[in-house]
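Residue numbers (my numbering): 10 to 266. The beta carbon of each residue, even a glycine, is placed where N, CA and C say it ideally should be. Owing to the predicted nature of the structure, the values given are computational and were not obtained by experimental measurement. In what follows, a single structure is set out as structure tokens and then discussed.
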Amino acid sequence: MKDIFKVGKYKFKSRLIVGTGKYKNFTETAKAVKASGADMVTVAVRRVNVTNKKEPLLMDYINPKKIRYLPNTAGCFSSEDALRVLRLARDSGGWNLVKLEVLGDQETLYPNMKETLKCAEILIKEKFDVMVYCSDDPIACKQLEEIGVVAVMPLGSLIGSGYGIPNKNNIKLIKKRSKIPVIVDAGIGCASDAGIAMELGCDGVLVNSAIAKATKPILMAEAMKLAVEAGRKSYLSGIMEKSFAAKNSTTHKRKIK
Numbered sequence: 010m011k012d013i014f015k016v017g018k019y020k021f022k023s024r025l026i027v028g029t030g031k032y033k034n035f036t037e038t039a040k041a042v043k044a045s046g047a048d049m050v051t052v053a054v055r056r057v058n059v060t061n062k063k064e065p066l067l068m069d070y071i072n073p074k075k076i077r078y079l080p081n082t083a084g085c086f087s088s089e090d091a092l093r094v095l096r097l098a099r100d101s102g103g104w105n106l107v108k109l110e111v112l113g114d115q116e117t118l119y120p121n122m123k124e125t126l127k128c129a130e131i132l133i134k135e136k137f138d139v140m141v142y143c144s145d146d147p148i149a150c151k152q153l154e155e156i157g158v159v160a161v162m163p164l165g166s167l168i169g170s171g172y173g174i175p176n177k178n179n180i181k182l183i184k185k186r187s188k189i190p191v192i193v194d195a196g197i198g199c200a201s202d203a204g205i206a207m208e209l210g211c212d213g214v215l216v217n218s219a220i221a222k223a224t225k226p227i228l229m230a231e232a233m234k235l236a237v238e239a240g241r242k243s244y245l246s247g248i249m250e251k252s253f254a255a256k257n258s259t260t261h262k263r264k265i266k
């Protein structure tokens with residue numbers, strides 16, 4: 010049975026999305042992406058070289074014809090700045106599927122949802138296919154879905170924190186109410202976090218820091234791949250209901266003499 014990951018009109022084999030920032034160099038980035046099995050990578054247009062041919066280009070290491078590039082607006086704190094970045098990405102690389110993030114402050118890198126909604130509406134009118142980094146707020150996620158984004162990407166915890174998913178109930182509620190893909194973005198620290206996200210029913214997971222900052226990034230990339238696959242299969246299998254009481258593993262009662 011094929012389990013295809015659909016985001017808007019796009020189809021992917023892997024439910025793991027990998028970031029391309031924070032690695033030692035492009036060689037390490039490419040090896041990590043390959044080990045992860047991901048067929049979509051995020052590219053911070055303001056930080057990763059995709060246009061200056063006088064310096065090493067990401068495209069020389071990761072073929073955009075084989076791996077879909079997802080331009081993002083990392084580091085943008087206003088809708089105007091985010092719009093400028095994504096318009097540049099489409100003009101320079103023809104990339105229409107984009108990841109929007111409009112940050113609220115430098116300390117938490119929490120999303121500014123007012124600016125995010127404002128920017129998303131404009132991008133949709135300009136025929137972008139928009140995936141959105143957002144707060145783990147079911148109301149905000151539904152508002153984004155209603156204006157036409159192709160995926161919501163609620164944070165698990167703060168960007169780069171590695172703190173996992175402390176608020177699992179919100180993620181489950183967002184998924185229950187969503188008719189579009191829900192992808193956990195930010196806070197994944199280890200493979201088990203990615204597995205948990207998938208067991209909650211999420212459609213995908215985005216990981217960058219947990220791989221790039223691991224002592225052995227390539228090995229961690231492979232671990233993330235396996236965790237996402239295992240978590241997805243666990244979810245699809247129908248996880249047993251939890252119980253505070255013990256339950257016998259057999260149905261018969263033991264006779265006591």
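With 16 other Cβ atoms within 10 Å as the buried cut-off, status of residue i
i: G213; result: buried
i: A83; result: buried
i: I13; result: exposed
i: P175; result: exposed
i: S166; result: buried
i: M229; result: buried
Per DSSP, the bridge partner or partners of residue i
i: C143; result: P163
i: L215; result: I26, D194
i: K251; result: Answer is none; K251 lacks a bridge partner.
i: D100; result: In the DSSP output, where bridge partners are listed per residue, D100 has none listed.
Contact belief for residue i with residue j at Cβ below 8 Å, rounded distance in angstroms
i: V111; j: S87; result: 7 Å
i: W104; j: Y78; result: 6 Å
i: K57; j: T36; result: Note that residue 57 corresponds to Val in the displayed sequence, not to Lys. About 14 Å separates the two Cβ atoms, so there is no contact after all.
i: P163; j: D194; result: 7 Å
i: G171; j: A206; result: Going by Cβ atoms, the distance from G171 to A206 rounds to 14 Å, so no, they are not a contact pair.
Nearest to residue i (by Cα), restricted to the options the options
i: V52; options: L215, C211, G46, A236; result: L215
i: I76; options: E89, L95, R96, L106; result: L106
i: I26; options: N34, I248, L97, K15; result: K15
i: Y70; options: Y19, Y172, A41; result: A41
Element boundaries [alpha helix (DSSP H), containing residue i]
i: V292; result: With the chain covering 10 to 266 only, the question about residue 292 has no answer from this structure.
i: T125; result: 122-134
i: N81; result: Premise fails: N81 lies in the beta strand (DSSP E), 77-81, not in any alpha helix (DSSP H).
i: M207; result: 200-208
i: K184; result: 177-186
Residue range of the unbroken beta strand (DSSP E) whose run includes residue i
i: A53; result: 49-53
i: L109; result: 106-109
i: V16; result: 14-16
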